[in-house]
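Contents: one structure, followed by commentary.
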Amino acid sequence: MIIDIIQTIINYGNIYEQIRLAQVNRDIYDDIYIYKLDGRKMDNLYIKDINILKQKKFGRIKILVEPHFVPRIKNKENTGRYDMWSETLEELYCVGDGICCYDVITNQKQNNIADQKQSDIVNLKKLKILGCNNCSGITSVNHLANTLKVLSCCGNRGIDQDGISELKTLKNLYCCHNNGITDVNHLADTLQILDCSEKYCGINQNG
1198 MIIDIIQTII NYGNIYEQIR LAQVNRDIYD DIYIYKLDGR KMDNLYIKDI
1248 NILKQKKFGR IKILVEPHFV PRIKNKENTG RYDMWSETLE ELYCVGDGIC
1298 CYDVITNQKQ NNIADQKQSD IVNLKKLKIL GCNNCSGITS VNHLANTLKV
1348 LSCCGNRGID QDGISELKTL KNLYCCHNNG ITDVNHLADT LQILDCSEKY
1398 CGINQNG
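Just so we're aligned: the sequence shown equals residues 1198 to 1404 in our numbering.
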């Protein structure tokens, strides 16, 4: 019961509160997990040692928001930035936690540009939601053909038509300000929400 209460508190706390609660005693340390890391609540914290994030309490991360704090693994070109969570990560928001055109415009005004690369997501297996607005380094989500439900690639100069051509389960697509995506007819049986507004979008009546 106490563990359940502490787990609930941890789910809504910032990184500092989460770590402090996890260190109360050995029983709590052994039984709780941190499921969400939000870079906006880290006061520009940058974790220099990747091994810190390999601790047991971080082993089941499901949601990452603005994960600029996750260091790249040097000298390992084929290792993605988030590979340690390849079996658990379900939601990744590269810049902000929005999945709409408003988020793109806001981030452009604030000069918030995502620095993620294709290699950072290529080994993720269970991703359901990807927000990669203004992220030119991500070029394809076809490896998520059977899991991805929501994709926001507004203002994206990386993901184009080829980058979504193999998707099979997508329900929501936000691609305003993205003229690289021109056709969503292959998603006719699954797509429920499509935002292709704004003049720079590539989808027309035929698409």
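Even glycine gets a Cβ: it sits at the ideal position worked out from N, Cα and C.
When only Cα atoms are considered, residue 1382 and residue 1347 end up about 16 Å apart.
In the same chain as residue 1226, and ignoring 5 residues on each side of it, the C-beta atoms closer than 6 Å to its own belong to 1219, in chain order.
For residue 1369, the uninterrupted beta strand (DSSP E) segment begins and ends at 1369–1371. Of all alpha-carbon atoms in 1333, 1345, 1366, 1363, the one lying nearest the alpha-carbon of residue 1351 is that of 1333. For residue 1360, the uninterrupted alpha helix (DSSP H) run begins and ends at 1358–1361, by DSSP. Across the structure, residue 1342 and residue 1287 are spaced so that their CA atoms are roughly 14 Å apart.
Taking C-beta atoms under 8 Å as the contact rule, residue 1210 and residue 1230 fail to qualify, at a distance of about 13 Å. Beta-bridge analysis with DSSP links residue 1233 to 1260. If you look at residue 1348, you'll find it in the beta strand (DSSP E) that goes 1347–1349.
Ranked by Cα distance from residue 1268, the first of 1329, 1317, 1324, 1205 is 1317.
When DSSP states are grouped into helix, strand and coil, residue 1201 belongs to the helix group. Counting along the chain, the unbroken alpha helix (DSSP H) around residue 1218 starts and ends at 1212–1219. The Cβ atoms of residue 1315 and residue 1329 do not sit closer than 8 Å to each other. If you compare the alpha carbons of 1357, 1370, 1344 with that of residue 1321, the shortest gap goes to 1344. Classified as exposed, residue 1222 has fewer than 16 neighbouring CB atoms from the shown chains inside 10 Å of its CB. The beta carbon of residue 1260 is closer than 6 Å to those of 1233, 1288 in its chain, skipping five residues each way along the sequence. In the DSSP assignment, no residue is bridged to residue 1207. Within its own chain, the residues whose Cβ lies closer than 7 Å to the Cβ of residue 1204, once the five positions on either side in sequence are excluded, are 1229, listed in chain order. The closest CA to that of residue 1389, considering only 1367, 1200, 1281, is found on 1367. Shown here for residue 1281: same chain residues with a beta carbon closer than 7 Å to its own, the five before and five after excluded, namely 1250, 1251 in chain order.
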